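In the UniProt record's numbering, the protein residues as written are 1 to 321. Where a beta carbon is used, it is the ideal one built from N, C-alpha and C, also for glycine. Since this is a predicted model, take the numbers as computed values, not measurements. Notes follow once the structure below has been shown.
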């Protein structure tokens with residue numbers, strides 16, 4: 001990459017949002033460059049392609065009636081972007097200067113890029129319990145998304161961990177599909193809104209284990225078979241049989257790079273102007289889970305990636321580029 005060339009569009013991050021933005025920008029002859037990301041010291045398990053890279057079967061992405069694995073879906077996204085001559089670097093951007101245009105970006109290997117516009121699609125990272133067996137049974141029983149994986153547990157028993165709105169939503173959604181939901185919460189009362197609490201508490205298919213925490217996820221070669229749950233008041237532990245464990249303790253948006261530069265919501269997600277992907281800095285756009293704390297689906301991320309590319313293209317036209 002020439003140090004003198006000024007890029008029209010540079011995309012920070014990948015996943016459904018970043019790759020879709022690249023496809024649309026490339027087809028508009030904007031010659032996008034993508035820095036797809038990768039592991040960091042703080043997040044050694046982070047890989048280019050986002051959360052779908054640690055997802056097995058994806059059954060709810062349109063166009064794949066036979067299902068497709070998350071990594072294969074992301075490989076197809078990447079190849080489609082490359083087909084239109086998108087340049088992809090499998091590394092992270094570590095420095096940004098949005099104080100003047102063209103913006104200045106620097107990667108971990110020292111690549112410096114000047115760009116008229118920037119699209120941010122760095123995603124969000126699910127918070128996990130960090131207990132024994134959790135990593136072993138991820139995607140073989142352990143999940144952080146009921147709408148993504150709930151259908152795999154029809155007529156089975158599952159556990160949900162958490163006490164906020166997300167946990168109530170996950171439990172209520174799963175109750176429509178599975179045999180029974182046991183919700184495990186560290187306290188004796190819920191943090192969720194009253195409406196969400198009542199919905200879960202009044203559901204006959206949802207039971208609660210109060211003042212409790214998962215100590216270990218157990219299973220066999222086929223997958224998870226249960227979890228060891230400890231009562232935090234008595235110290236007693238018991239094995240709870242279940243085929244699924246849904247961790248619903250929140251997500252952390254990957255916005256460390258933009259702290260103090262771009263406006264964020266209280267939860268750290270990037271603020272965008274409603275109905276668009278524009279941030280508070282002209283020429284900087286955000287798409288995917290980094291700005292979406294509500295839906296967090298591959299299809300919605302891809303949709304906002306499309307929006308970001310169109311927003312960037314129109315912004316360049318408005319500014320005579």
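Excluding five sequence neighbours on each side, which residues of the same chain lie with their C-beta closer than 8 Å to the C-beta of residue i?
i, result
"residue 223", "137, 140, 141, 243"
"residue 204", "none"
"residue 232", "186, 211, 212, 213"
"residue 82", "88"
Report yes if the CB atom of residue i is closer than 8 Å to the CB atom of residue j, and no otherwise.
i, j, result
"residue 174", "residue 161", "no"
"residue 165", "residue 196", "yes"
"residue 8", "residue 30", "yes"
"residue 10", "residue 115", "yes"
"residue 228", "residue 239", "yes"
"residue 168", "residue 184", "no"
"residue 69", "residue 297", "no"
"residue 118", "residue 33", "no"
"residue 63", "residue 48", "no"
"residue 207", "residue 182", "yes"
"residue 235", "residue 192", "no"
"residue 279", "residue 272", "yes"
Please report the residue range of the alpha helix (DSSP H) in which residue i lies.
i, result
"residue 174", "165-175"
"residue 194", "194-201"
"residue 73", "70-83"
"residue 311", "298-318"
"residue 147", "146-149"
Excluding the five sequence neighbours on either side, which residues of its own chain have a C-beta within less than 7 Å of the C-beta of residue i, listed in chain order?
i, result
"residue 123", "13, 15, 50, 51, 254, 288, 289, 290"
"residue 151", "59, 177"
"residue 317", "none"
"residue 241", "157, 225, 226"
"residue 107", "35, 89, 91, 92, 93, 94"
What does a CB cutoff of less than 6 Å around residue i pick up in its chain, not counting 5 residues either side in sequence?
i, result
"residue 172", "199, 200"
Tell me where the beta strand (DSSP E) around residue i begins and ends.
i, result
"residue 286", "284-286"
"residue 97", "93-97"
"residue 106", "103-107"
"residue 27", "Element bounds for residue 27: not the beta strand (DSSP E) but the alpha helix (DSSP H), 15-27."
"residue 117", "112-120"
"residue 209", "206-209"
"residue 7", "6-12"
"residue 125", "124-126"
"residue 88", "87-89"
"residue 55", "It is not in any beta strand (DSSP E) - residue 55 carries neither H nor E in the DSSP assignment."
"residue 281", "Counting along the chain, residue 281 falls outside any beta strand (DSSP E), and DSSP gives it neither H nor E."
"residue 157", "157-161"
"residue 33", "33-35"
"residue 181", "180-184"
**Message:** Measuring CB atoms only, is the region 19-28 touching the region 295-312, in the sense that at least three cross pairs come out at less than 8 Å?
**Reply:** yes
**Asked** Three or more C-beta pairs closer than 8 Å, one from the region 77-92 and one from the region 211-220: is that the case here?
**Response** no
**Request:** Taking 8 Å as the threshold, find out whether the region 291-302 comes into contact with the region 11-18 through three or more Cβ pairs.
**Result:** yes
**Item:** Three CB pairs or more closer than 8 Å across the region 125-136 and the region 245-252
**Value:** yes
**Asked** Whole beta strand (DSSP E) runs in the region 221-255 with 3 or more residues, listed along the chain?
**Response** 223-231, 237-241, 244-247, 251-253
**Message:** When you compare the region 277-287 with the region 92-108, are there three or more beta-carbon pairs, one atom per stretch, that lie closer than 8 Å?
**Reply:** yes
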